[in-house]
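Worksheet: the structure to be examined is printed underneath.
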Amino acid sequence: MTAPGSADLVIVANRLPVDRYEMPDGSMGWRRSPGGLVSALEPVLRANDGAWIGWPGGTDEVHEPFVADGLDLVPVSLSADELEEFYEGFSNATLWPLYHDVVAKPEFHREWWESYVRVNQRFADKAAEVAAENATVWVHDYQLQLVPSMLRALRPDLRIGFYLHIPFPPTELFQQLPWRRQVLEGLLGADLIGFQLPGGAQNFIRLVRQRVGHKTHRDLVYLPDGRTVRAAAFPISIDAADFEELARSEPVQRRAAEIREALGNPTKVFLGIDRLDYTKGIYARLRAFGELIEDGHIDVSDAVFVQVATPSRERVEQYRILRDEIDRLVGRLNGDLGRIGSPAISYMHSSFPREEMAALYRAADIMVVTPLRDGMNLVAKEYVACRYDDDGALVLSEFAGAANELRQAWLINPYDINGMKAALLEAFQAPPRERSRRMKAMRKTVVEHDVKKWAAEFLDELSEVRGDHGKTVRPAKP
Ligand code: G6P
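Residue 661 in the working numbering sits at position 428 of the sequence shown; the count goes up by one each step and never skips.
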């Protein structure tokens, strides 16, 4: 268990990498949540007496540090008010829409900001308590942008990295934020700030120059106290080998065949898997598919669209509105276009374990990923990792970070319904050779740049930025 001042590597993220679940004897336990981040970081955490600080979900339960699945976990609690103001409010109704090109209108409330400051301070205090002398602390995502500077004030000996998993917006949009300067200064407490794309890093550097007035040169910011901060792109990925192994496993293959069977063995299966979020472009994609049936290009007895929407942030108003809109659209499309035993859309509002996701990827001929804006989109990469047969087609939005790497996908603009229809149809009709040429190239990219490499590159770079100072993070044992 983590003793105060003992961790050489500390991960700070809004969520702990575990979920609470009921064990067979009725007592409650923790199990590791699925996700590439934890599988990438686990080996480095082990090699460095690491700890992970995060919110366990829920409210007001105060937990002591504990060990789950071999990981040292340090919980930070939120009260019911903080859940509403810090998490649902400032994080997910102010920053989330603002950073995703204002696809929904961000709300600005002073009480939400105050709660954001308070909760960020709590995370920073905890990190200051847990980190050993000269340790490395890696802070994650938009919920915790003030932690780097708060932590530096408490512990100037630490080496601090920050990674933003979502897009960093253009300066014109960011400037709407009443607390823009505080957020920029919060981030500047880090030695290295990582973004998904070079564009995000450039937006940040420009804002720091314009709004805070610091000197910058290329990807460096020069602070008056002599420190230098680097802002650069580190596109995140997935554990590709792990996904491929899962996809090749006998139970997953069997389940993929069962899924097709249960769908009535259509010629082609289209698939969308997303958190139910207005940034994901679910509405436009289902409309485009519906129109292809209406126009007579696709026959409903030939093809079906399987849409999985994982429940998310359900108490936030914009998410409730979206859920109703999708419910109505699916009902209308199935009512108008479906036949007995052949719905146009097979819609599930639920979350599935990784095995079921891998089986869905294996069962799908055309994967449809059409966000209006997305930091990266790991679903696109997971689909590619599972297609070890070099088959399957990916239709991908230009506005997902993944489009920078997966150039061989059928790239679309999700605001252009006709363009999206044309790409869906092309992917539907593409001959096997064409599909395999594209998939091979994409697989090479995904296999070569996996999440372990991403984590190692960020941590190496962080050691270099503060080469003068601090302990170096030991690499994971092979
Ligand atoms: C995105 C964010 C993460 C967040 C996740 C799930 O991927 O970048 O920071 O944890 O969504 O959202 P939730 O609000 O449930 O944590």
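Ideal Cβ positions, reconstructed from N, Cα and C, are used throughout, including at glycine.
As the structure is a prediction and not an experimental result, all values here were calculated from the model.
Tell me, please, which residues DSSP counts as bridged to residue i.
| i | result |
| --- | --- |
| residue 263 | 253 |
| residue 578 | 538 |
| residue 308 | 287 |
| residue 240 | 364 |
| residue 600 | 504, 627 |
| residue 292 | DSSP lists no partner for residue 292. |
| residue 633 | 607 |
| residue 644 | 629 |
| residue 373 | 396 |
| residue 248 | 288 |
Comparing alpha-carbon positions, which option in the options lies nearest residue i?
| i | options | result |
| --- | --- | --- |
| residue 341 | 325, 356, 352, 333 | 325 |
| residue 624 | 636, 634, 642 | 642 |
| residue 600 | 338, 501, 527, 517 | 501 |
| residue 611 | 629, 645, 314 | 629 |
| residue 366 | 472, 388, 536 | 388 |
| residue 519 | 416, 654, 613, 572 | 654 |
| residue 393 | 423, 400, 576 | 423 |
| residue 647 | 543, 633, 441 | 633 |
| residue 317 | 698, 546, 353 | 546 |
| residue 505 | 296, 245, 580, 377 | 580 |
| residue 294 | 312, 250, 277 | 312 |
| residue 278 | 254, 257, 304 | 304 |
| residue 617 | 676, 562, 644 | 676 |
| residue 416 | 306, 452, 576, 347 | 347 |
| residue 451 | 445, 457, 461 | 461 |
| residue 236 | 407, 473, 694, 282 | 282 |
| residue 297 | 307, 291, 327 | 307 |
| residue 329 | 435, 575, 374 | 374 |
| residue 622 | 665, 378, 455 | 665 |
| residue 249 | 337, 301, 514, 511 | 301 |
| residue 591 | 455, 487, 682, 468 | 487 |
| residue 252 | 343, 289, 273, 709 | 289 |
| residue 477 | 708, 544, 615, 315 | 615 |
| residue 683 | 533, 467, 671, 350 | 467 |
| residue 535 | 320, 572, 620 | 572 |
| residue 738 | 380, 521, 391, 517 | Any answer about residue 738 is impossible in this case: the structure gives the chain only from 234 up to 711. |
What are the boundary residues of the alpha helix (DSSP H) that residue i is part of?
| i | result |
| --- | --- |
| residue 616 | 611-619 |
| residue 487 | 483-495 |
| residue 407 | 404-407 |
| residue 349 | 343-363 |
| residue 678 | 665-681 |
| residue 426 | It is not in any alpha helix (DSSP H) - residue 426 instead sits in the beta strand (DSSP E) that spans 425-428. |
| residue 565 | 550-570 |
| residue 650 | 650-662 |
| residue 433 | 431-440 |
| residue 691 | 684-698 |
| residue 385 | 380-387 |
| residue 320 | Residue 320 -> no alpha helix (DSSP H), and no H or E assigned at all. |
Is any heavy atom of the ligand G6P found at a distance shorter than 8 Å from the C-beta of residue i?
| i | result |
| --- | --- |
| residue 577 | no |
| residue 353 | no |
| residue 546 | yes |
| residue 374 | yes |
| residue 508 | yes |
| residue 248 | yes |
| residue 320 | yes |
| residue 399 | yes |
| residue 325 | yes |
Does any heavy atom of the ligand FMN sit closer than 8 Å to the C-beta of residue i?
| i | result |
| --- | --- |
| residue 608 | Because the ligand FMN does not appear in the structure shown, any question about it cannot be addressed here, the ligands present being the ligand G6P. |
In terms of residues, what are the limits of the beta strand (DSSP E) holding residue i?
| i | result |
| --- | --- |
| residue 505 | 501-508 |
| residue 467 | Per DSSP, residue 467 belongs to no beta strand (DSSP E) and is neither H nor E. |
| residue 299 | 299-301 |
| residue 526 | Premise fails: residue 526 lies in the alpha helix (DSSP H), 515-527, not in any beta strand (DSSP E). |
| residue 419 | Per DSSP, residue 419 belongs to no beta strand (DSSP E); it is in the alpha helix (DSSP H), 413-420. |
| residue 454 | 453-455 |
| residue 449 | 448-450 |
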